[in-house]
Amino acid sequence: MSDPIKINEKCVFCGACVKACPFGAITQAERKTVPVIDLMKCTLCGACVAACKFDAIWMKEKSAAKIDLSSFKDVWVFAEQHDGVIQSITFELLGEGRKLADSLGMKLCAVLLGSNVQKQTAELIARGADKVYLVDRPALEHFQDESYANVLIDLVKRHKPNVFLCGASTIGRSLVSRVAVRVNAGLTADCTALAIDPKTLNLLQTRPAFGGNIMATIETPNARPQMATVRHKVMKEAEVNPARKGEVSMETIAEVLLQSKARRLKFVPEVETTMNIAEANIIVSGGRGLQTPENFALLRELADVIGAGVGASRAAVDSNWIPYSHQVGQTGKTVCPKIYIAVGISGQIQHLAGMQSSDIIVAINKDADAPIFKVATYGIVGDLFEILPLLTQQFRKVLGK
Amino acid sequence: MRYVVCIKQVPETTDVKINPETNTLMRDGVAAIINPFDMYAIEEGLRLKAKTGGTVTVLSMGPPQADAALREAISMGADDGILLSDRAFAGSDTWATSYTLAMAIRKIGAFDIILCGKQASDGDTAQVGPGIAIHLDLPQITYVRKIESIDEKTIVAERLMENGYEVIQAPLPCVLTVVKEINEPRLPSLKGKLAAKKAVITTWKAADLQCDPKCIGLEGSPTKVVKIFTPPARQGGEMLKGEPSEVVPQLIAKLKDAILGAAN
Numbered sequence: 023m024s025d026p027i028k029i030n031e032k033c034v035f036c037g038a039c040v041k042a043c044p045f046g047a048i049t050q051a052e053r054k055t056v057p058v059i060d061l062m063k064c065t066l067c068g069a070c071v072a073a074c075k076f077d078a079i080w081m082k083e084k085s086a087a088k089i090d091l092s093s094f095k096d097v098w099v100f101a102e103q104h105d106g107v108i109q110s111i112t113f114e115l116l117g118e119g120r121k122l123a124d125s126l127g128m129k130l131c132a133v134l135l136g137s138n139v140q141k142q143t144a145e146l147i148a149r150g151a152d153k154v155y156l157v158d159r160p161a162l163e164h165f166q167d168e169s170y171a172n173v174l175i176d177l178v179k180r181h182k183p184n185v186f187l188c189g190a191s192t193i194g195r196s197l198v199s200r201v202a203v204r205v206n207a208g209l210t211a212d213c214t215a216l217a218i219d220p221k222t223l224n225l226l227q228t229r230p231a232f233g234g235n236i237m238a239t240i241e242t243p244n245a246r247p248q249m250a251t252v253r254h255k256v257m258k259e260a261e262v263n264p265a266r267k268g269e270v271s272m273e274t275i276a277e278v279l280l281q282s283k284a285r286r287l288k289f290v291p292e293v294e295t296t297m298n299i300a301e302a303n304i305i306v307s308g309g310r311g312l313q314t315p316e317n318f319a320l321l322r323e324l325a326d327v328i329g330a331g332v333g334a335s336r337a338a339v340d341s342n343w344i345p346y347s348h349q350v351g352q353t354g355k356t357v358c359p360k361i362y363i364a365v366g367i368s369g370q371i372q373h374l375a376g377m378q379s380s381d382i383i384v385a386i387n388k389d390a391d392a393p394i395f396k397v398a399t400y401g402i403v404g405d406l407f408e409i410l411p412l413l414t415q416q417f418r419k420v421l422g423k
Numbered sequence: 503m504r505y506v507v508c509i510k511q512v513p514e515t516t517d518v519k520i521n522p523e524t525n526t527l528m529r530d531g532v533a534a535i536i537n538p539f540d541m542y543a544i545e546e547g548l549r550l551k552a553k554t555g556g557t558v559t560v561l562s563m564g565p566p567q568a569d570a571a572l573r574e575a576i577s578m579g580a581d582d583g584i585l586l587s588d589r590a591f592a593g594s595d596t597w598a599t600s601y602t603l604a605m606a607i608r609k610i611g612a613f614d615i616i617l618c619g620k621q622a623s624d625g626d627t628a629q630v631g632p633g634i635a636i637h638l639d640l641p642q643i644t645y646v647r648k649i650e651s652i653d654e655k656t657i658v659a660e661r662l663m664e665n666g667y668e669v670i671q672a673p674l675p676c677v678l679t680v681v682k683e684i685n686e687p688r689l690p691s692l693k694g695k696l697a698a699k700k701a702v703i704t705t706w707k708a709a710d711l712q713c714d715p716k717c718i719g720l721e722g723s724p725t726k727v728v729k730i731f732t733p734p735a736r737q738g739g740e741m742l743k744g745e746p747s748e749v750v751p752q753l754i755a756k757l758k759d760a761i762l763g764a765a766n
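Note that the protein sequences, when read in sequence, are chains A and B.
Quick note on this note's numbering: the first sequence kicks off at 23 and runs consecutively.
Quick note on this note's numbering: the second sequence kicks off at 503 and runs consecutively.
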């Protein structure tokens, strides 16, 4: 197989490609030599091709579509439900999906799997779905990777959606990874922006990589559906309009597809979690500066008053002060609330990777040089044990609680 | 029991700096490490092996330098390492990567459990583990935080969810992706380091795997990166100064509207 990318004789050794490569895959031994592309590091992103002013880099184009792309219609949203409750990420997807469907001139459809969930179709229509594909079977009461994936694969093959969005939740990521492989679709994880390219009508999917240090825009030119998981709290929820009308399509599914080799035996809710931080609008997060597990009570109190979820740094979790499900950062959760209040967190780069896209960041730390202040919208240098109780007390007054 | 652990070599992202002139990642001198989540997968493989007997094979797709990642896993106690390295794999997205790894696992033949980290720290997709599972038509348990029991036929594991955990039972063979909570990875032993030095890493190319050329590398990847850019760096904002009794009301004045807005 010949190399998918090559530098040809038009090269003037300017080194622009070396600088342009985000992956450090191009090296130039010395000036006046043709740079060398390390194909193992190269992701064929094309940054060097764009940077070369001399048209000296040739990159293989993928073979054209083998499928009829025009036969794929509509924008689909996977309606995630837990115990019959439609999750807020679904409403965010419907809000964004509506815009995409309108710019494509296509319908917005929700796909709802569950048991005894007919009623919830009205909620999806009120939030903007023109059509709801409903698979209502006892076997689908709880999420299971295989049966849910089988059903979605079947529906995608049957109805051929153009775009298929899903929340970047635990369920969403586990589920659509299976679906995308089986239907030969492109899948982009954890998107923070979606748009339709006005020329090609392809879905432009933008996502962070390297813990948010770089952003990449990705498209799927030759395959359909164009699948993406979308991060919580980035898109605006669709508004409720009870007067909206929509169609419900009850889908029949072969019994065999509802079988699952893996079985859910039980679910154990976490006692300490009052709120899923990935979905929280406000997060109050604590780190090493809290000194003891008992001091998390100070944080919880503030969280209760302002309606926030409780987060933590890796240091606090590793000291067993709070369960891992609260950890924010590279090895924990990535969150993007409206307000993130970091208390006694120094702000290591791994922590910042998990929260720096929050709208407002407040940092309270006794060390004025702590890196957290570099990203904070508002910073307070001081003793958290004095500030935190005062903050709770005054917020209680102001918010009338 | 045969355990296969899929690992990826990634740049140690803590060191990634952005060149302010060119706005690109500066990778020079950035150490390559085993993806942190894969360390938990290796450790769990070793613990399972200690419990049930058997072997742990580490598998990686990457450049020839990824040999070092496989040797590190062997120094922790893995029995052998396989590297999938071929120019034909360049440009693989998660579809092509999971296909290639699945083809290698097919070639390995007998296996009981495939372990992966929940995601890689550079790409952060979490798509390759489930991708391998469906390519091999296997059940999966993702985000595993604890293995409750295992025997020759069945595994019971806890899957971390946003608001608790599920207990899931699956027949073997099965694919698991693991989270940090599952264990504390061990350090290599001296004996392990010697073994790693001596170990012969098997290298397979596309032709060895009987891959469909249409399914690997750029050709097998439905997604295409059209643009890479640096997000605007976040600027440090306003420092509130004074005694706690002064700064607290200032902060409340600034946040009050946002908090009331967020509540709605």
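For glycine and all other residues, C-beta sits at the position ideal for the given N, C-alpha and C.
Note that this is a predicted model, so its numbers are computed, not measured.
Quick check on B/T557 - is its C-beta less than 9 Å from some C-beta in chain A?
no
Unbroken beta strand (DSSP E) run spanning A/M249, endpoints
248-252
Under 8 Å: do the region 357-376 of chain A and the region 697-716 of chain B share three or more Cβ pairs, one atom per stretch?
no
Buried or exposed for A/M23, please, with buried defined as at least 16 other CB atoms from any protein chain shown within 10 angstroms of its CB.
In this prediction, A/M23 has a pLDDT of 48, which is less than 50 and means its spatial position is unreliable; nothing more can be read from the coordinates.
Verify whether the separation of the beta carbon atoms of B/I584 and B/A612 is less than 9 Å.
no
Output the distance between the C-alpha atoms of B/Q567 and A/I193, rounded to the nearest integer angstrom.
34 Å
Could you give the DSSP three-state label for A/N303: helix, strand or coil?
coil
Please name the residues in the region 666-685 of chain B whose beta-carbon is closer than 9 Å to at least one beta-carbon of chain A, in chain order.
G666, Y667, E668, V669, I670, Q671, A672, P673, C676, T679, V681, K682, E683
Could you list the residues in the region 187-210 of chain A with a C-beta less than 9 Å from some C-beta on chain B, going in chain order?
A190, S191, T192, I193, R195, S196, L197, V198, S199, R200, V201, A202, V203, R204, N206, A207, G208, L209, T210
7 Å Cβ cut-off: residues of chain B touching A/F417:
I754
Could one say the Cβ of B/K648 lies closer than 9 Å to chain A's Cβ atoms, at least one of them?
no
Spatial distance of A/E52 from A/I59 (CA atoms)
14 Å
Should the region 205-213 of chain A be called in touch with the region 229-243 of chain A, which here means at least 3 C-beta pairs below 8 Å?
yes
Given 8 Å, three or more beta-carbon pairs between the region 101-120 of chain A and the region 56-71 of chain A:
no
Check the Cβ of B/L662 against every Cβ in chain A and list those closer than 9 Å, keeping chain order.
T192, Y346, S347
In its own chain, which residues sit with a C-beta less than 7 Å from the C-beta of B/H637, not counting the 5 before and 5 after it?
S600, Y601, A604
For A/Q227, list the residues DSSP reports as bridge partners.
A/L216, A/I240
By alpha-carbon positions, which one of A/V133, A/L146, A/N224 ends up nearest to A/L126?
A/N224
6 Å Cβ shell around A/A42 - same chain, five flanking residues per side excluded
A69, C70, A73
Backbone secondary structure at A/I89 - three-state DSSP:
coil
Specify, as a first and last residue, the run of the alpha helix (DSSP H) that B/M541 falls within.
538-554
Counting Cβ pairs closer than 8 Å, one from the region 338-354 of chain A and one from the region 303-310 of chain A, do we hit at least three?
yes
Can a CB atom of chain E be found closer than 9 Å to the CB of A/L421?
Given the protein chain composition of this structure (A and B), no chain E is represented.
Using the three-state DSSP reduction, which class does A/F395 fall into: helix, strand or coil?
helix
Please state whether DSSP places B/N525 in a helix, a strand or coil.
The predicted model places B/N525 with a pLDDT of 47, which falls under 50 and marks its position as unreliable, so this point remains unresolved.
Whole-angstrom C-beta distance between A/Q103 and A/I146, which should lie under 8 Å:
The residue asked about is misnamed: residue 146 of chain A is Leu in this sequence, not Ile. Going by Cβ atoms, the distance from A/L146 to A/Q103 rounds to 10 Å, so no, they are not a contact pair.
Tell me, please, which residues DSSP counts as bridged to A/F35.
Beta-bridge pairing links A/F35 to no other residue.
Excluding five sequence neighbours on each side, which residues of the same chain lie with their C-beta closer than 8 Å to the C-beta of B/G744?
Q752
For A/K28, which residues of its own chain have a beta-carbon under 6 Å away from its beta-carbon, when the five flanking residues on both sides are left out?
W80
Which residues of the region 709-720 of chain B have a Cβ closer than 8 Å to any Cβ of chain A? Give them in chain order.
P715, G719, L720
Where does A/K457 land, buried or exposed, given buried means 16+ other C-beta within 10 angstroms?
With chain A covering 23 to 423 only, the question about residue 457 of chain A has no answer from this structure.
Reducing DSSP to helix, strand and coil, say where A/L130 ends up.
strand
CB-CB length for B/R504 against B/N685, believed under 8 Å
20 Å between Cβ atoms; not a contact.
Return the chain-ordered ranges of every beta strand (DSSP E) run that is complete within the region 673-735 of chain B and spans a minimum of 3 residues.
676-680, 704-706, 726-731
Taking the continuous beta strand (DSSP E) assigned at B/S651, which residues delimit it?
642-652
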